Amino acid sequence: MSTLSRRNFIKLSSLTGAALTLGFYSHGKETSILKVDTADNLGVDLNAWISIDTSGKVTITNHRAEMGQGSFQSVPQIIAEELEVDLNSVNIVFAQGNSAKYGSQITGGSSTIRGTYKKLLNLSATAREMLIEAAANKWKVPHSECYAENGHVIHKPSGKKFHYGELVQEASKLTPPKHVKLKLPEEYKIIRKPIPRQDTPSKTNGKAIFGMDKRLPGMLYAVVERNPRFQGKVKSFDDTETKKVPGVKYVIPVKTSVFATFREGVAVVADSLWAAMQGRKVLKVEWDDSGFEHLNTEQLYTRMNESLKGPGLSIRTQGNAKGIFEKSDNKLEAVYETPYESHSCMEPVNCTAHYHDDMVEIWGPIQGPDWVQDFLSPLLNLPKEKIVVNMTFLGGGFGRKAFMDYPHEAAIISKEIKAPVQVVWTREDDTTQGPFRPGMVYGCKGSLSKDGSITSYALRTAGQNMDHQWLNANKEAYNNSGSEGFLETYFRAIPNYDFSDSPLDVPIPVMWWRSVYASTNAFAMESFMDELAAKAGKDPLEFRRQHLHDERYQALADKLEEVSGWKNRKKNEGYGIAITECFSTIVGEIVKVSKKPDGKIKIDKVWAVMDCGWYVNPDIIRAQVEGSIVMGLGAAVTHATHFNDGKAVEQNFNTYKMPRIIDTPEIEVHIMDNEEKAGGVGEPSLPPFAPALTNAIFDLTGKRVRKLPFSLDAV
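As structure tokens, then:
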């Protein structure tokens, strides 16, 4: 895609002649809606655009990535609802990286809808009201006698109507109203309806452009033989045999920035991906692995467990948890472990770059185009405006494609060979090079009153703090995600609590993984909550309800109880519950397990209840909940990344196994309806699954599972 200037935006949108083009921009705590020409005159960069041409076609820019989570459907649904147009009349295009114009463009933290939905509603309602005003002016009738419906403005008394395309010229001359009335949820005709995704056909017929689909004239292909140890260097290499492979053009050393260090390797560049891969197979590289530790998994977890005994960095505290625990006669301690994990997106990491004319253009599956610009600017010694980042569809991201190492790698190779290049990571590269989800160890302590209420709760996390990896990072800073996943209502219900962490500093790159630290925290938090319930001699759901000092949480617990038949569970069935909160969304899950004829455990069903507040498309929500549960299942019972001598052990899906369809239980999803602000959808359903599963296993067998992953066959 060419640079998305206002001029090119109009061209791309197929706007014919005049157009009504609006955008919003934030100044302080306020947000204003302006026309493009007004913004130009004021020198303001608009954060989002909606444009209607003379044919009535609506085009909007999507400033966030579409990686399967459904923003290419949800954003148009929001626009179409308040604009009163057919969803098929809305076209969506990717915006380029430009934080000045679009604000934050990072797709992460389940933030796309919850961060912009109110602004999008107001933007589209403003456009609707301007079109109605234009029609009223043409008819010389009061605004109140007109209404919008299906891309038309209709005059109620006479039945006369104008198509939006007939009104854009007059509407574009009007001043946007400062206040517009938005619909009530009960008035929605498009929002909250399970409308099929518009990007599904293009993703099934091959028309959708993912990162590896990008082609440029004269483009070459590259693969990189990288040091299998994460801070190792290239000592020397022999490319004699590599250069004999037909199609191989260049063999060059590369050094890519990874946090505060560099990943070194040797790139093989060829006129086809196959030739590059064959050239890599016969490349001989000698590595320099001195100056850093070569650790294995056992050493990592030994250090984490040992660190629980020492002082930690305080994250969040209230009262005197330590003192209350020590004096209590009714208390409990437990330690939990969770594994390192690969992201293993369906589409492996890849990026296309063209360095030319003192600028670089990048195309790829990128979660944060503005982050890439910020990251590459000092490394390439280029101003941000000379780094053009174009987003493609992503075949999964999960946080990995919010990192900036692979665009950097593509850019420096293109600069070196003076040609456009597509760098492709093989599945083995993707699985072994990281960054990974950090493995964690948790020490939990809690005490109970005589009536079974929690009097103290302490959680110490031990593991790598992602933020400590950056250059000049403050390693005395606590992990601000250390309490992520814990219900906010628990903080109000428990008088004494203490959350702290003991950071592990080792040469293994780690980073965000779907739901970030909540994906590991919640296993400890909700497993321990279940153990406290057992210690108190109480039903696990009722024990939690006892500490849910908020109607919203109680309503979710009621729904969980209702849909799962919790009160009617049988003795030969195990039921486990977990309720977690992250990215402003509360999710409760109940897992039902039983025994097969051979005595092994099987998962029968999962009930999930999501309270994400205001929402757009229930089908997309259900898909995200189901996907999160399956991903949580894999991390609980199927796969993990291990290390030996400083290298990742698992290479591909033959050893880093994925759950199969036959492993997936029945999943029943329910969505709460309320007037709360929108929360996240793509990530919050993952954290509660693992503890709900292990709590169900305890309910059935009396055995506690405190270490992940575990084998269902071995319980």
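Under the working numbering, the very last position in the sequence shown is 717; numbers go up by exactly one each time.
Where is the CB? At the ideal position from N, CA and C, for every residue including glycine.
These numbers were taken from a predicted model, which means no experiment stands behind them.
Whole-Å CB distance - residue i paired with residue j, under 8 Å assumed
i	j	result
Asp376	Ser259	So it is not a contact: roughly 12 Å between Cβ atoms.
Ser57	Gly167	5 Å
Pro542	Asp552	Actually they are not in contact, since the Cβ atoms of Pro542 and Asp552 sit about 19 Å apart, beyond 8 Å.
Pro367	Gly208	In fact, because the Cβ distance is near 16 Å, the residues do not count as touching under 8 Å.
Val391	Met361	About 12 Å; that fails the 8 Å criterion.
His345	Trp515	6 Å
Phe261	Trp472	6 Å
Leu710	Thr340	5 Å
Thr244	Leu285	5 Å
Euclidean distance between Cα positions of residue i and residue j
i	j	result
Asp55	Ala20	7 Å
Gly601	Gln107	50 Å
Ile115	Thr63	14 Å
Asp665	Phe395	28 Å
Ser53	Pro505	49 Å
Arg8	Gly99	Because the pLDDT of Arg8 is 46, which lies under 50, any placement of that residue in the model is unreliable, and the question is left without a value.
Ile622	Ile193	12 Å
Arg217	Gly161	51 Å
Leu558	Val608	15 Å
Ile496	Asn332	16 Å
Ala680	Val627	16 Å
Leu169	Thr202	32 Å
Lys452	Leu461	22 Å
Glu335	Lys447	5 Å
Asp47	Tyr27	7 Å
Gln435	Lys183	51 Å
Ala526	Arg708	8 Å
Thr640	Gly30	47 Å
Asp500	Gly484	11 Å
Leu123	Phe488	31 Å
Lys477	Thr304	21 Å
Leu22	Pro255	51 Å
Tyr252	Lys420	11 Å
From the options, residue whose alpha carbon lies closest to that of residue i
i	options	result
Pro690	Gly578, Thr640 and Lys607	Gly578
Thr696	Glu131, Ala637, Lys659 and Thr263	Ala637
Pro422	Arg199, His356, Leu461 and Gly629	His356
Thr61	Ser34, Asn43, Asn90 and Leu48	Asn90
Thr491	Phe438, Glu86, Val443 and Arg546	Arg546
Ser449	Glu68, Lys537, Pro440 and Met468	Lys537
Gly401	Tyr104, Gly704 and Gly111	Gly111
Gly321	Tyr338, Asn229, Asn498 and Lys257	Asn498
Leu384	Lys598, Gly398 and His410	His410
Glu189	Lys142, Lys121, Glu86 and Leu44	Glu86
Thr354	Asp503, Thr587 and Met393	Met393
Gln466	Pro196, Met513, Gly397 and Val247	Met513
His529	Ala272, Gln75, Pro693 and Asp241	Checking the sequence, you will find Ser at residue 529 rather than His. Taking only the C-alpha atoms, the option nearest Ser529 is Pro693.
Asp701	Gly576, Ser330, Met468 and His165	Gly576
His65	Phe96, Ile80 and Thr319	Phe96
Gly445	Val337, Arg231, Thr457 and Gln369	Val337
Spatial neighbours of residue i in its chain, beta-carbon cut-off 6 Å, leaving aside the 5 residues before and after
i	result
Asp432	Pro350 and Val351
Glu363	His356 and Val390
Glu131	Pro179 and Val182
Asp372	Gly99, Ser101 and Gln107
Gly234	Trp289 and Asp291
Own chain residues within Cβ distance below 7 Å of residue i, not counting five before or after
i	result
Pro159	Glu147
Glu486	Val518, Tyr519, Ala520, Asn523 and Cys584
Ala136	Leu169, Glu172, Ala173 and Leu176
Ile669	Val608, Ala610, Glu628 and Ile631
Ser379	Pro385, Lys386 and Ile389
Ser455	Gln548
Ala716	none
Tyr480	Leu315, Ser316, Ile317 and Asp503
Glu84	Leu123, Ser126, Ala127, Arg130, Leu184 and Lys185
Pro667	Ile605, Asp606, Lys607 and Val608
Leu381	Ser259 and His410
Other residues of its chain near residue i: CB distance less than 8 Å, five sequence neighbours each side excluded
i	result
Pro78	Ile62, Leu89, Val92, Ile94 and Gln200
Ile156	Cys148, Tyr149, Ala150, Lys162 and Lys163
Arg494	His551 and Asp552
(message) Contact between the region 293-310 and the region 498-518 is defined here as three or more beta-carbon pairs at a separation below 8 Å; is this criterion met?
(response) yes
(message) Any contact between the region 210-230 and the region 408-421? By contact I mean 3 or more CB pairs, one from each, below 8 Å.
(response) yes
(message) Contact between the region 315-326 and the region 607-623 is defined here as three or more beta-carbon pairs at a separation below 8 Å; is this criterion met?
(response) no
(request) Would you check if there are 3 or more beta carbon pairs closer than 8 Å linking the region 562-575 to the region 585-605? (result) yes
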